[in-house]
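Q: What follows is a single structure, and I will ask about it in a moment.
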Amino acid sequence: MKQRYQGKPLAVVQYNPWRGGGIIAVNYAARAKGVTRHMRGDEAKELCHDIILCKVPNIREKADTSKYRDAGKEVANVLQRFTQKLERASVDEAYLDVTETVNKRMEQLQTGEYTLKPQELVNTFSVGYECIGEYVNKITNRFANPYVDDARFMLSYDHNDLPAVRQSDLRLLIGASIAGEVRAAVKAETGYECSAGIAHNKILAKLAAGMNKPNKQTILPLAEIPGLFDTLPVGKIKGLGGKFGETVCETLGVKFLGQVLKFSEAELQRKLDDKNGNWLHLIARGIDLEAVTPRFYSKSIGCCKKFPGRNNITGLKTLEHWLSELSSEINDRLEKDFMENNRKAKQMVVQYVQEIDGEEVSSSRSAPITQCDQETLAKQALELIKTNTKTFLRAGGDSALNNAIRFLGLSVGKFETASNAQNSLQAMFANQAAKKRRISAEEDHVEKPAVVEPKAKPSEAAKMKSFFANYLQAGKAEAKAVEAEKELPPKPAPSEAEATVPAAKKSVFETYKRKLIEATVAEENGEIPTSTPPELKESFFANYLKLQKAKDQTSEEAAANEDSADMNDLVAELDEIEASSAKVEENTEILDMQPSTSKRKLEQESPSQDYTKSYAEYAQPVLSTDLITMVKCEECGAQIPDDLKALQTHRDHHFAQQLSHQIRNERREEMQRKRLNASTTSTSSPPSKLTATKKSKKTASTTSVAKTKPGNSITKFLAAKPSSEPPASTSSNPMEHCAECKKYIKSVDMPEHLDYHMAKKLQRELNQLQVRTINLPSKKVSPTAAKKQLNSTLNSTTGSKSITQFFTQTN
DNA sequence: CTGGCATCTACA
DNA sequence: GTGTAGATG
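In structure tokens:
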């Protein structure tokens, strides 16, 4: 492709003799003119006079898309360097689970080994925010002053979840910086540009990725989910874009995803079915339990061709010809695959559509294969068709088919690793390919090439993780374990457990919350609401966990639990949550490559088109200094804005926090005593239980679980460290030494204390950076772009000394 | 006659 | 294990 195409309207067509060919890809300049996929080339010409139509090359009389496969692989090779947990979702999309990198950077943020680099966020957007600077501002303010949240935030989440949600925002920001690095690497090394979505699971990441294009990335914060879903058409969610989505809308009488919240899970299960009801119930809450399944190569290789109308295959010779052509392509691709992956297909499938009595009848037949040369494949395919068609040939001849064939497809799969390298050339290729991409255990039956060498060093000895991190992560881990279990053989019906346990637990949480509220309200004379009444909202994580846990239990266990005190359930649950710092995809990114618009290597930028107006990629960081005036909380040292309301709210927090820790400590000690009395076989180790239930999931979970440190429980935060001897540390009031500020801090407050240090650092860094965008040659600005610019200007003038200046466009 | 082709997943 | 329909890009 030449640079003269840069920015000009362009589309890719295949088979262009008839009406200009079918469009299979459209660049953004052409999209702006209304050109879409599925149009014919001629229609596109009508809409966009100067559109450039590129043809997909024809090989063997059919479209050959290998160029696009190769381009996708080239990009995927770059992506692979950033995580082992890479799932290629299609030829130009991939999911990256960057949880481990985020974890590492969270720690490094505290030690100063890592700092957020705002220039990585210049073309980043965040759902619900006018610009990324606003989002960053919110995060830093919350961390420095965690207990003053806006009403919307407070209403969206349960009090107990707020810390987790707060930390999630910082994690997403780090995720976005990683995405920025990834995309920069893709651009630098391949010339292709791509967009990305950064969120806590695949569904959300995919959704977010589509919100700002091209060449942009979008964060979807947890707190924005309810608002977004209120007006999000159901069909926008992956998996709901087709017939099923329509069924959902019709049977529920809804248009937007948020409307699904009105239905209980049971209702959804009744109206749809068990599985879909459960799935939709979670999706409507932004929960998607699908893990990023590492997969670099597809499970099958296939090709097909339609023979519409007059092109129907009616003769044996023609059929043999096309089977031979398809086999030839398969064979080529298979040879290449063998070189790279040292695997061989063990099964072939032939699909075909016949016209029988004017009706299209499709069939597919499979057979095991030992060889996959062209002739063998073609022959076997023909055999399969013959033997599965009642009257294959027309009576009275030996070449006319009884039923015309309208479609032929041939694919091979069920790959197995070749026993050993067949020759030195093959070995060399295999090794090179392996070096390049270091495939993780993708398939059970595909062995890692011997040369595979993980570059990731074992992470540094885990420092004390913040309570928030564990809370959020573990919550997801728990959910995941339950999900994985569904793949195991049928479990006992949850009947009893489902009905009673959640109710019981719910009351516990309600009581607990009420206590907190009463306590805080009593102290503050009822002036400032610190917690939303329980009936207004439910605990996002806790509720989900409760539900899943109930399902997880056999009736027997449920009965046993009913005997125990409510509080025991709660504490056990919290302990379990905190005990496992197991893996989950914390931050998922989807990268959406855009071959049609992308620039090739060596290409230079060209005159900007309309859509390039909103590009922020010319931004560069400039230093400036300013800080917001804060006062210090005597209790925890946190910086709080110097106003009465903020101070009051902050003190309320400490009170609530102490109460909550106190309750849990008491229960924990009680449990401990019980445990000592009882035999210590089964109850001791929640993490091992997770390992067991997760076993069937063949993601990287096994490795992560193995890494889980046994002592990674909340008790670590609550009990004094044996090594450090704080002055007044007692079992009831343990203290620890903060490495950061050399002060002794109550152990209960240590996690937040560390968060405070991190927040302070973050804010300092970010406050010192101001990004300025180079003034682009002014052309017509789209209404939305104009609005954005206006807002940016407003931001930069009103908050002249504020952090919102990041990334805002000033001149 | 013309909405192409490739790939994956769920489910019966 | 096998064949089919649906979803998606």
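Start counting the first sequence at 359; every next residue gets the next number (our numbering). Where is the CB? At the ideal position from N, CA and C, for every residue including glycine. Predicted model, so just to flag it, every value in this text is computed and none were measured.
(1) Restricting to Cα atoms, I'd like to know which of T548, S553 and G603 is closest to D428.
(2) My assumption, with CB atoms under 8 Å, is that G378 sits in contact with Q372. Please give the rounded CB distance.
(3) Spell out the partners DSSP gives P726 in its beta bridges.
(4) Measure the C-alpha to C-alpha separation of N746 and A388 and round it to an integer number of angstroms.
(5) Got a sec? Which residues, its chain only, sit under 8 Å from L562 by beta carbon, not counting five neighbours each side?
(6) Within 10 angstroms of the Cβ of Q364, are there 16 or more other Cβ atoms? Answer buried if so, exposed if not.
(7) I need the boundaries of the beta strand (DSSP E) containing D455, first residue and last residue.
(8) Give me the Cβ distance between I641 and I595, rounded to the nearest whole Å; I'm assuming they're in contact under 8 Å.
(9) Taking the C-alpha atoms as reference points, what is the distance between T473 and L598?
(10) Measuring only the C-alpha atoms, how far is T605 from G568?
(11) Any chance the region 613-633 sits against the region 521-532, with 3 or more Cβ pairs inside 8 Å?
(12) Between which residues of its own chain and K629 is the CB-CB distance below 6 Å, once the five residues before and five after are set aside?
(13) If you reduce the DSSP assignment to three classes, tell me which class R752 lands in.
(14) Which one of K545, A557 and F587 has the shortest CA to CA distance from P572?
(15) According to DSSP, what are the bridge partners of Y363?
(16) Quick one, which of I381, K496 and P367 has its alpha-carbon nearest D408's?
(17) What's the gap between the Cα of L306 and the Cα of T394?
(18) Between the region 647-666 and the region 759-772, can you find at least three pairs of beta-carbon atoms closer than 8 Å?
(19) What does a CB cutoff of less than 8 Å around G635 pick up in its chain, not counting 5 residues either side in sequence?
(20) Among A402, T441 and I497, whose alpha-carbon lies nearest the alpha-carbon of A390?
(21) Measuring alpha carbon to alpha carbon, tell me which of I763, E687, A703 and S682 ends up nearest S722.
(22) Could you give the first and the last residue of the continuous beta strand (DSSP E) run that contains I577?
(23) Buried or exposed: which applies to K744, given that a residue is buried once 16 or more other Cβ atoms fall within 10 Å of its Cβ?
(24) Can you tell me where the alpha helix (DSSP H) with Y372 in it begins and where it stops?
(25) Could you check if R541 is buried or exposed, using at least 16 other CB atoms within 10 Å of its CB as the buried criterion?
(26) Among the candidates C607, L766 and I497, whose CA atom is the shortest distance from the CA of N670?
(27) Taking the alpha-carbon positions, what's the A537 to Q575 distance?
(28) Return the chain-ordered list of same chain residues with a C-beta closer than 6 Å to the C-beta of Y829, the five sequence neighbours on each side being excluded.
(29) Is T1073 helix, strand or coil by DSSP?
(30) How would you call E519, buried or exposed, if buried means at least 16 neighbouring beta carbons within 10 angstroms?
(31) Once DSSP output is grouped into helix, strand and coil, what is the label at I409?
(32) Alpha carbon to alpha carbon, how far is A753 from V370? Give it in angstroms, no decimals.
(33) Have a look at E687, R463, V592 and T423 and flag the residue whose alpha-carbon is nearest the alpha-carbon of K613.
(34) Relative to the alpha-carbon of Q709, which residue among L692, Q732 and W680 has its alpha-carbon at the smallest distance?
(35) Counting only the same chain and skipping the five closest in sequence on each side, list residues whose C-beta sits under 8 Å from that of S686.
(36) Mapping DSSP to helix, strand and coil, what is T651?
A: From the atom records:
(1) On the first sequence, residue 428 is found 70 positions in, with the first residue counted as 1. Minimum Cα distance to D428 is reached at T548.
(2) Numbered from 1 along the first sequence, position 20 holds the residue referred to as residue 378. Numbered from 1 along the first sequence, position 14 holds the residue referred to as residue 372. Wrong, their Cβ atoms sit about 11 Å apart, outside the cutoff.
(3) Mapped onto the first sequence, residue 726 falls at position 368. The partner list for P726 (beta bridge, DSSP) reads Q705.
(4) Stepping through the first sequence from its first residue, residue 746 is reached at position 388. Stepping through the first sequence from its first residue, residue 388 is reached at position 30. Here the alpha carbons of A388 and N746 stand approximately 46 Å from one another.
(5) Here residue 562 corresponds to residue number 204 of the first sequence, with the count starting at 1. Annotation for L562: G555, L578, I583, G644, D646 and T946 place their beta carbon closer than 8 Å to its own, counting only its chain and skipping 5 residues before and after.
(6) Translated into positions along the first sequence, residue 364 becomes position 6. Buried: at least 16 other Cβ atoms inside 10 Å.
(7) Sequence index remark: in the first sequence, residue 455 carries index 97 (1-based). Element bounds for D455: E451 to D455.
(8) The count along the first sequence starts at 1 and reaches residue 641 at position 283. The count along the first sequence starts at 1 and reaches residue 595 at position 237. I641 to I595, Cβ: 6 Å. Contact.
(9) For the purposes of this step, residue 473 is taken as the residue at position 115 of the first sequence. For the purposes of this step, residue 598 is taken as the residue at position 240 of the first sequence. Using only the alpha carbons, I get a separation of about 39 Å.
(10) Indexing the first sequence from 1 puts residue 605 at position 247. Indexing the first sequence from 1 puts residue 568 at position 210. Going by the C-alpha atoms only, they are around 24 Å apart.
(11) Short answer: they don't touch.
(12) On the first sequence, position 271 is the one that residue 629 refers to. Answer for K629: T609, listed in chain order.
(13) Residue numbering aside, residue 752 sits at position 394 when the first sequence is read from its first letter. Residue state, collapsed to three classes: coil.
(14) Against the first sequence, residue 572 aligns to sequence position 214. For P572, the nearest C-alpha among the options comes from K545.
(15) Looking up residue 363 in the first sequence gives position 5. None; Y363 has no bridge partner.
(16) Stepping through the first sequence from its first residue, residue 408 is reached at position 50. Taking each of I381, K496 and P367 in turn and checking the Cα distance to D408, the smallest one comes out for P367.
(17) Missing from the structure shown is residue 306; the chain here goes from 359 to 1169 and no further.
(18) Flag = yes, the region 759-772 and the region 647-666 touch.
(19) For the purposes of this step, residue 635 is identified with residue 277 of the first sequence, where counting begins at 1. Closer than 8 Å at Cβ, skipping near neighbours: E623, A624, E625, L626, Q627, R628 and K629.
(20) For the purposes of this step, residue 390 is taken as the residue at position 32 of the first sequence. The candidate whose alpha carbon is nearest that of A390 is A402.
(21) In the first sequence, the residue the question calls residue 722 occupies position 364. Looking at I763, E687, A703 and S682, the one whose alpha-carbon comes closest to that of S722 is I763.
(22) Along the first sequence, one-based indexing puts residue 577 at 219. From DSSP, the beta strand (DSSP E) with I577 extends over Q575 to I577.
(23) Counting from 1 along the first sequence, the entry for residue 744 is found at position 386. Classification for K744: exposed.
(24) The residue given as residue 372 occupies position 14 in the first sequence. It should be noted that the sequence gives Gln, not Tyr, for residue 372. DSSP places Q372 in no alpha helix (DSSP H) but in the uninterrupted beta strand (DSSP E) bounded by L368 to Q372.
(25) Here residue 541 is taken as the residue at index 183 of the first sequence, counted from 1. Flag for R541 reads buried.
(26) Counting from 1 along the first sequence, the entry for residue 670 is found at position 312. Nearest C-alpha to N670: L766.
(27) Counting from 1 along the first sequence, the entry for residue 537 is found at position 179. Counting from 1 along the first sequence, the entry for residue 575 is found at position 217. Near 8 Å, if we compare the C-alpha coordinates of Q575 and A537.
(28) As a position in the first sequence, residue 829 is number 471, starting the count at 1. Any reading at Y829 needs caution, since the residue's pLDDT is 31, under 50, leaving its predicted position unreliable; the model's value is listed next. Around Y829: A522.
(29) On the first sequence, position 715 is the one that residue 1073 refers to. Because the pLDDT at T1073 is just 19, under 50, the model does not fix this residue reliably, and the value given afterwards should be weighed accordingly. Helix at T1073.
(30) The count along the first sequence starts at 1 and reaches residue 519 at position 161. Checking the sequence shown, residue 519 turns out to be Asp, not Glu. Counting C-beta atoms within 10 angstroms of its own C-beta, D519 has 16 or more neighbours from the protein chains shown and is therefore classed as buried.
(31) Locating residue 409 in the first sequence gives position 51, where the first residue counts as 1. It is coil, neither helix nor strand.
(32) Position 12 of the first sequence, counted from the start, is the residue given in the question as residue 370. Position 395 of the first sequence, counted from the start, is the residue given in the question as residue 753. Looking at the two C-alpha atoms, the distance is approximately 44 Å.
(33) The residue you call residue 613 lines up with position 255 of the first sequence. Cα-wise, what sits closest to K613 is V592.
(34) Here residue 709 is taken as the residue at index 351 of the first sequence, counted from 1. Closest by C-alpha distance to Q709, out of L692, Q732 and W680, is W680.
(35) Translated into the one-based positions of the first sequence, residue 686 becomes position 328. Correct list, in chain order: R418 and Q732.
(36) Translated into positions along the first sequence, residue 651 becomes position 293. Note: T651 maps to coil in three-state DSSP.
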